[in-house]
Amino acid sequence: MRAVGKSLAMEMVLTGDRISAQEAKEAGLVSKIYPVEKLLEEATSCGEKIAGNSKLVTAMAKEAVNAAFEMTLTEGDKMEKRLSHATFAMDDRKEGMAAFVEKRKANFTDH
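When you line the sequence shown up against this note's numbering, it's residues 98 to 208, in that order.
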């Protein structure tokens, strides 16, 4: 309910009305809208892109985003810095930065 705000949550709960895909996007419930015939292709493409990233760094990023919604801005900033600093010892961070500088695809090893 936090995601949509009190007024839309109240309306949805009390009326039972459905909202359109566009309304769901505007309320922050979804990030993208695709035609049904493109949905599987787009979802697969997104999944492949995420799967190509470092699993360790992806897990840390998910942790940071999820926790940020439960914390104050100051607490979230501290957590983000802690997680960011934790990546300095990771081979994947070094590989990611080298690949970026060299303009090539990174080869992550999940270390």
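All residues carry an ideal CB built from backbone N, CA and C; glycine is no exception.
Inter-residue spacing [alpha-carbon to alpha-carbon] between L126 and A100
7 Å
Mind checking S151: buried by the 16 CB within 10 Å criterion, or exposed?
buried
Please report the distance separating the alpha-carbon of Y131 from that of E123.
14 Å
Taking contact to mean 3 or more Cβ pairs, one atom from each stretch, closer than 8 Å, check whether the region 177-188 and the region 147-163 are in contact.
yes
Excluding the five sequence neighbours on either side, which residues of its own chain have a C-beta within less than 6 Å of the C-beta of A165, listed in chain order?
G173
With a cut-off of 8 Å on the beta carbons, I'd call L153 and M187 a contact; round off their distance for me.
6 Å
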